[in-house]
Structures are given as structure tokens and as C-alpha cells.
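Have a look at the structure below before the remarks.
There are 2 protein chains.
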Amino acid sequence: MNNFEFKNPTKIIFGKDTIEQLKNEIPADAKVLLLYGGGSIKKNGIYDQVKTALANVDVNEFGGIPANPEYATLMDALKVIKDENITYLLAVGGGSVIDGTKFLSAAAVFEGDTPWDILTKNVRTEKGMPFGTVLTLPATGSEMNSGAVITREETKEKLAMGGPGLFPVFSILDPQVITSIPERQLANGLTDAFTHVLEQYMTYPIGALLQDRFAESILQTLVEVAPTVLKDPTNYQAASNFMWSCTMALNGLIQKGVPGDWAIHMMGHELTALFGIDHARTLAVITPSHYKYNFEAKKEKLAQYGERVWNITEGSTDDKAYAAIEKTTAFFHELGIDTKLSDYTKDYEGTAEEVAKRFKTRGWKLGERQALMPEDAEKIVKMAY
Amino acid sequence: MNNFEFKNPTKIIFGKDTIEQLKNEIPADAKVLLLYGGGSIKKNGIYDQVKTALANVDVNEFGGIPANPEYATLMDALKVIKDENITYLLAVGGGSVIDGTKFLSAAAVFEGDTPWDILTKNVRTEKGMPFGTVLTLPATGSEMNSGAVITREETKEKLAMGGPGLFPVFSILDPQVITSIPERQLANGLTDAFTHVLEQYMTYPIGALLQDRFAESILQTLVEVAPTVLKDPTNYQAASNFMWSCTMALNGLIQKGVPGDWAIHMMGHELTALFGIDHARTLAVITPSHYKYNFEAKKEKLAQYGERVWNITEGSTDDKAYAAIEKTTAFFHELGIDTKLSDYTKDYEGTAEEVAKRFKTRGWKLGERQALMPEDAEKIVKMAY
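As given, the protein sequences belong to chains A and B, one line each in that order.
Per this note's numbering, the very first residue in the first sequence carries number 1; after that it's consecutive.
Per this note's numbering, the very first residue in the second sequence carries number 386; after that it's consecutive.
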């Protein structure tokens, strides 16, 4: 096990009818900016629940934060924060709204030349403007971590940011919110959380027995509840396990003391930037090819995963590892998620070369050993056509 | 799954040679009281590591905090805190030293008549004096939770306390510390952590699939590493998994959204108070009898535990549940832990009646349904003779 530090101060308020508890979490004298996305919260009743809970608080609003939160839109929100002397941010949405709010939390107190520097100069935010979240889409884990990914359409870039000052002060997780989420987005959420776990787990054995088992626990639970979540999102038991699994998949716990891969995300981000493919679907496209390409380096853990998550008991380590990749691909298909780039675009020719070119420009080496060069990424993306 | 709140702000610093990081965690202008137990830290080098790390900080000392931290001793420490205008506490020890430090953190800022009220009037500490810990004995999880148990010899009582203000600011966990722990105490630590998980897990099914699997993950890991921990505490892989499992066993995570039992602890505490038996060993005495006595209420979870932790695949639910109790008892025996009260004292006659009398006086009902009356406790303790 590697040495590690772990601190996660976010207060989680989890369960049925918990949105009303907002009134206990936001200081009465706060000047709040309520941030949300495309407006679905106005149709599904969540907006009304939030407004009711905050009836006695001074609340401004900023809607329209898009999936893959866009820098230009966030700069408009930043202007509102400055103009209105906002002191507290409240994200009501999924990962995109929460990630955008994290950027704003950092940007609101940033003293450099331009907030763009936060993204391009790896500025770690030690203390941001305080913010809370009401999660409306289980998937990214952003509600209980301190990282965010921001997109800039102008340059077709997706860039990561974060810092210990960017944990939400609180996050309200009411599993009932999933009843109004379209099946497509539920499938995305399941895939996203599943892949988050894989990125932190599917590396090489390092003797972190408990972290492995926690990772496997989340994967097993997602596999167990996925069919019910898709078929009947009103099933509270499935919804609550789905939601808590997504949070635990990326709140820092399972990554402590172990190597992390994240190459799937790095390649996937480029596919979103280039073609606008849903984030989760890009992960499902890259995952099988990535594991096949890096088979020798990952086969021990792949076999362990096969045994423990998919109950594969027959065959050699290699056999189990291959079967585990096949099971993973089949799982994505069962969720209705395609796993080839050509399923999403006809213009895939040249993508692998473009991704490699971008990684080369940025000097990126990927994977748990930082041993994957741009030319490896090129081969992996090509395998995923 | 039940509704829950979860917030755990303790910063964990985990790994080899991490004690030196103390210097980054305690404010340079703090006036520190270093608290420890019987003095083993002066023999095993931990005291020297701590003093070196704090060379530039104003440090007072208070040693001699006994196992089952004693109220009278702690009142002496409180006098030092007041007399020396201490601003920061540092516990260097196991659960007893850390629990004692939590009481002092609360007592140092308590404004009531007497600190005894904190224990007898269920005072929740919202904000205590800040404190950190250097863990020297993995077992109780006190290094990452906000609860404590304090003993008063005068009245032969063990009483619980806690509150959100009593999380350690930081805890340093260097698994190498276990190399100097006697086998007896390592066995106690394994038993204590194992039983902590059981208390939060062995109730009735409530559909908290992820919490169940996390609990099972900790149990499986303790079972896996226990023989190596006892045979060769210099094995870092076993030591690190043991230490992290003990912390995760009682840092709040696995108890969220599920019922808790804790009757084993309540009965066990009385055996320590009456006979001075090691805390962990009292748990091993009560556990098998408690599960046999409450078999009908717990058999579904007992069977699940048997299947997943002990790989019991044959037989009915009842068969698996019984076999799981037997496996648990055998595990304690393999650790060198006796599981009958008569193994520890010849004066056990009348104990069950005395425990029942005490519970009756306090009006206690125990267990996850608060359905165990004093007369049930009497029968369980008698079964454990």
C-alpha cells in the first residue's frame, strides 16, 4: 500500500425528502446564487422544493449551465457573482452544474490575471467561495469531491481543476430525484460511476486489500441494481444504492494508497471535445480497447475482478482476465451503451491521430505508470473505432 | 436504506515514516499538551519521533492514561490544561489515550458545573479544544471518529460521550508502530475491529447493499491478514491493511443508513467494569451468545455473512447462520482469545443478574430494535459463562 493523505469534509445529507433541509445548511445572511442547467429542475419539482426551502434567504439565479460546463457561460455567471456581491453558491444539478460551480467557487476568489489561468496553470484552490449542492443526477461523484472538469468550446478543450478548498460544504442526496431522469442519462450515470471505480482499481496489485474490496463492492452493487434502476427508477432501494455507489465511486476513498490509471478518461475527454459524445459513452468506447491493449500490465487485477465481480471461476489468469473484459463490454451493452466510436460518428477516421497529436503537444504520458505515450493512445483509440 | 447524515472532517496521514509530518499539522504558536499512556512509547521510539517532529513547538506532557481511561486521572490532566493555558492536545497512543483526549477536548471548553456532567447528562460537544492523534495501536477507530468511552473506577462505570466537535483534526497512522505491540494486544485489536463491524452489520436486512459489502470487505480483510499480523508484525502489507481496516471499521461510514446493534458492547463494558477484562475479550465472550440468543432476528444477515465472509455454501439459511456463529467463535480462538466468561474469572456467578440490575436502573433497552430488555441481557450473559 502506498502512503496517502485523506480528508473529505463534505457533509452528506442522504435520503427521502431531504431537500427541505437546505434551510438548515445555508447561513441565513448569505447572498446565494442558485446555479442550474437546462431547466429540467423546473419540470420535475426540484426547483420548487429548493425555492420553498430557501424562502427566507436572498437568492439570485443563474440557469443554462450546459453538459460539459462551458467556460464562456461560466464567465457570465462569474459576472453575476461579482455584480450581486454573492457570498454562497448552490448547485442544483448533476456533475456538470456542480463542476461549473466549483470553477466559480475558485474564480470568485481568484486573484490572478484571468480565471482561465486556474485551468491552464494548474492552480490549486486552497479556499474557494463556500458552496453546497443538491444532486439531481447520480454519476460523477462531484458532490463529494474537490475536482472539476471544464470545457472551452472556443479551443475544444476539456481541462481539470481542483484543490482542498473545493469540497462542497454540504450535498443533499435524495434518491427520489432519479424518478424523472431519462433512461439514457441513468445509463450514462451507471457507466460513469462504474468506470470511475475501474480507473482507480484496474492497475497492478499493490497489496491494498481493503481498497480492492471496497472498489469491488461498488462494482458489484452497480451491477446488482442497474437493471432495476433502468426499468423502474421509482424503486427506492435500487435508487438509493445507485446514488450512494456513485458518490462513493469518486469521493477519494478507494483511490487512497493505490495507483490510479485515468487514461480512459483522458482519451474519452477528447472524444467528447471532438464529437460531443456523452462523457460516459466515451468511457465505454475506450475501456475495452484500453484493457486489451494493456492486457499484460493489468491481467492480474483483471482476473481478480473477473472472479470477484463476475464470478468467473474457470480458466487461467489470462482466460479470466479476457472474460472479465468481455463481461464489462456486455454490461455496457445491457445498459444500452454502445462501445465503438463508429457507433457514434461516421467521421471517426483520423481521430486516433488527432488525439495523439494533442497529447504530444501537451507532453502527456498516461496510465498508472505514466508509461503510455501518445502513440499508445493512438493505437488504443484506433482499436475503439 | 435509512436516511442519514455523514460528515467526517478528520485528516488522515497514513503510511511509512509519517510521524515526522506532525510538524506540518500543529500550528507553530500552539501550546501543546502531549498525552500518552503507560510509557511504552518511550521504549519503542515513538516518543522520540514525536518530540523530534515538535522540536520547535511549546510542548507540555501528561503520561499515565490507563487502559479504559479513568476519570480521576483525566481530571489531573485537565488541571494541567487549565494551569498551563494549553491550546492544542496531542494524543499519542491507542484508543484509551485518544478517548481520554476527547474527553479533555470537551472538558477544556465545558461551561457546566462539573465535567462529569458531560458523561452523565449526554452533553454533545459541538466544539472542543482542537486535538490530533498519533495512533500506536490499531483497534478502536477512535482516531477517525467523534466518540469516546470513559471509565470511573469510583463508581465502576463506563460511559459514552461524543459530538461533532470531537473529531481529531488529524490522525497520523504509521503501520510500522505495530512491530512493537505485544501479540496479546494485536489479538485484542483484531477482535475489537472485527466486532465493531459486526455491531453495525449483524442486524436485519434493510437493502443497504453497499454498506453490507463494505462491512464484509473489512471483515474479509481482517480475517485474511490476522494470521500474518500475529506471526510477523513487521510484514508491512499485513500491518497496513490491519490498520486501515480498524479505522474504517468505526469511522461512521458503514453505519450510515443502517440499523446498529451495539448490545455486545453494552454488555461487554459491564464485564470490563466488573472484572477488568480487556475490552476486546469481553466482546468475544458476549458475541456468540448474543447471536445464538437473537438467532431468529439476525439469521438472514448471519447467513449472508456466512456465505460472503466464510464461504459457507451448504445448507439452509438456519444452517449457514449457525455455521457462521461457529466460524466466528473459531476465529476468536485462532487469535488466542477465549470466548467464555469462566475462562477469565472464577467469580462469574451472579454476573448476569448484576448486569441486568444495572441496565434496569439505567432504563436501558438494547439492540437494533431496542427490544432487548434487562432480563434478555441476563440470559445472554449467563449463556456466556
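By construction, the Cβ of each residue, glycine as well, lies at the ideal position given by its N, Cα and C atoms.
Every value quoted in this text rests on a predicted model; they were computed, and no experiment measured them.
Residue 622 of chain B belongs to the set of residues whose beta carbon lies under 8 Å from a beta carbon in chain A. Against residue 221 of chain A, the close residues of chain B are 594, 595, 598, in the order they occur along the chain (beta-carbon pairs closer than 7 Å). Residues of the segment 154 to 187 of chain A with a C-beta less than 7 Å from any C-beta of chain B: none at all.
Taking 8 Å as the cut-off, the Cβ atoms of residue 459 of chain B and residue 488 of chain B count as close.
Excluding residues up to 5 positions away in sequence, 19, 20, 22, 23 lie with their Cβ nearer than 7 Å to the Cβ of residue 53 of chain A in the same chain.
One thing to note: residue 530 of chain B has its Cβ within 8 Å of the Cβ of residue 637 of chain B. The C-alpha of residue 344 of chain A is placed about 54 Å away from the C-alpha of residue 576 of chain B.
Closest in C-alpha terms to residue 669 of chain B, from the list B:633, B:716, B:499, B:744, comes B:716. One thing to note: residue 396 of chain B has its Cβ no nearer than 8 Å to the Cβ of residue 157 of chain A. At a cut-off of 8 Å between beta carbons, residue 410 of chain B makes no contact with chain A. Counting only runs of at least 4 residues, the segment 527 to 571 of chain B fully encloses no alpha helix (DSSP H) element at all.
For residue 613 of chain B, no beta strand (DSSP E) segment is defined; the enclosing uninterrupted segment is the alpha helix (DSSP H) at 594 to 616. With fewer than 16 other CB atoms across the displayed protein chains lying within 10 angstroms of its CB, residue 333 of chain A is exposed.
8 Å or more divides the Cβ of residue 258 of chain A from the Cβ of residue 321 of chain A.
Distance from the Cα of residue 678 of chain B is smallest, within the candidate group B:462, B:758, B:621, for B:758. In this chain, the alpha helix (DSSP H) harbouring residue 325 of chain A covers 317 to 334.
Contact annotation for residue 245 of chain A against chain B: 595 [CB-CB distance below 7 Å, chain order]. Against chain A, the CB of residue 616 of chain B has no partner CB under 8 Å away; the residue lies outside that interface.
Distance from residue 400 of chain B to residue 617 of chain B at the Cβ level is roughly 19 Å; contact not present, criterion being Cβ atoms closer than 8 Å. Taking the Cα positions, residue 523 of chain B is about 13 Å away from residue 569 of chain B. Neighbours of residue 603 of chain B in chain A, taken as residues at a C-beta separation under 7 Å, are given in chain order as 210. In the DSSP assignment, residue 88 of chain A falls within the unbroken beta strand (DSSP E) covering 88 to 93.
Under the DSSP assignment, residue 691 of chain B falls in the alpha helix (DSSP H) whose first and last residues are 680 to 695.
Distance from the Cα of residue 69 of chain A is smallest, within the candidate group A:50, A:201, A:142, for A:142. Contacts with chain A at 8 Å (Cβ-Cβ) do not include residue 697 of chain B. Between residue 537 of chain B and residue 456 of chain B, the gap from beta carbon to beta carbon is short of 8 Å. Boundaries of the beta strand (DSSP E) around residue 9 of chain A: 4 to 14. Residues of chain B with a Cβ closer than 9 Å to the Cβ of residue 224 of chain A are, in chain order, 594. Under a 10 Å Cβ-count criterion, residue 120 of chain A is classified as exposed, with fewer than 16 other Cβ atoms of the shown protein chains found around its own Cβ. Listed along the chain, the chain B residues whose CB falls inside 8 Å of the CB of residue 241 of chain A are 386, 592, 593, 594, 595. The residues 285, 384, 385, in chain order, have a CB closer than 8 Å to that of residue 340 of chain A in the same chain once the five nearest residues on each side in sequence are set aside. Residue range 58 to 62 is occupied by the beta strand (DSSP E) that includes residue 61 of chain A.
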